[in-house]
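These notes concern the structure reproduced below.
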Amino acid sequence: DIALAPDFGHRWVDALLETFLGRADELGDLDRRSGDGDFGTNIASALRRAQRNIDADRPQDYAGWLTAVSRGFLGTGGTSGPLFGMFFRELSRCAAGAEPTLAEFARGLAAGLATVQRYGGAEVGHKTMVDAIAPAAELLESQLGSNDSPDLLLARAAQAAVDGARSTADLLAKRGRASYVGEVARGVIDPGAAAAAIVLQAAAAAQVG
Ligand code: ADP
Ligand code: MG
Ligand code: MG
């Protein structure tokens, strides 16, 4: 089984905090066009909480870094707060050692997807974060046995998440607030899916350094 980059958890969370902060406005705008407009502020407050947890707990390993992020989201309102909180909680538990192997990370992502689907009830095609997470999880699972490097596999998983997020623009929502507005949200990328794609892109960036 292949190790991920040294300090992967720390690097992933750093990359995540950095990219999310730069894109909170854009994500909020997507929610204004398809939901109630609070997604940007929900994300920003989850990240502020995550940063406070990091400052207080001084994480030493992957589980510590991901737990700080998970608790940041779990303490935040909106539908996305608890869902991302549980998603990151599953990911925080995937590593037996200080940092996850590629296979452990793939299993963690699959477990994160499963918990989001268990609590939210969304399937692929319902125009939610699931549309970005599921293709990334499936890609990693299916290419785990290949001889390609973890750098390449995480980059492909991130691309699958980005493509999945883009695909939500054409969909009619079956879950979440966008399902209340129907055709009005047609053409708008689901903000939760866009955020999930950012999470996977940050993981790929953390892996290559
Ligand atoms: P709210 O709609 O309560 O204001 P947020 O704005 O924080 O919640 O989050 C909206 C995002 O949550 C959506 O873009 C979608 O990706 C995600 N979401 C909503 N409902 C579900 C669900 N049942 N399953 C998975 N994701 C969902
Ligand atoms: Mg909202
Ligand atoms: Mg709301």
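Residue numbers 4 to 212, in my numbering, belong to the letters of the sequence shown in order.
Glycine included, every Cβ here is placed at the ideal spot set by N, Cα and C.
Fair warning: this is a prediction, and the values are worked out from it, not measured in the lab.
- Proximity of the beta carbon of ASP41 to ligand 3 is indicated: a heavy atom of the ligand is located closer than 8 Å.
- Rounded to the nearest whole angstrom, the CA to CA distance from SER145 to LEU112 is 13 Å.
- Between LEU142 and ALA117, the CB-CB gap reaches or exceeds 9 Å.
- Here SER37 has ALA181, ALA188 and VAL191 as same chain residues with Cβ atoms under 6 Å from its own Cβ, once five neighbours each way along the sequence are excluded.
- The shortest CA-to-CA distance from GLU93 to any of GLY80, GLN120 and THR79 is the one to GLN120.
- For LEU30, the CB contacts under 7 Å within the same chain, skipping 5 residues up- and downstream, are PHE42, GLY43, ILE46, PRO194, ALA197 and ALA198 in chain order.
- Under the three-state reduction of DSSP output, ALA71 falls in the helix class.
- When beta bridges are read from the DSSP output, THR104 appears opposite ALA6.
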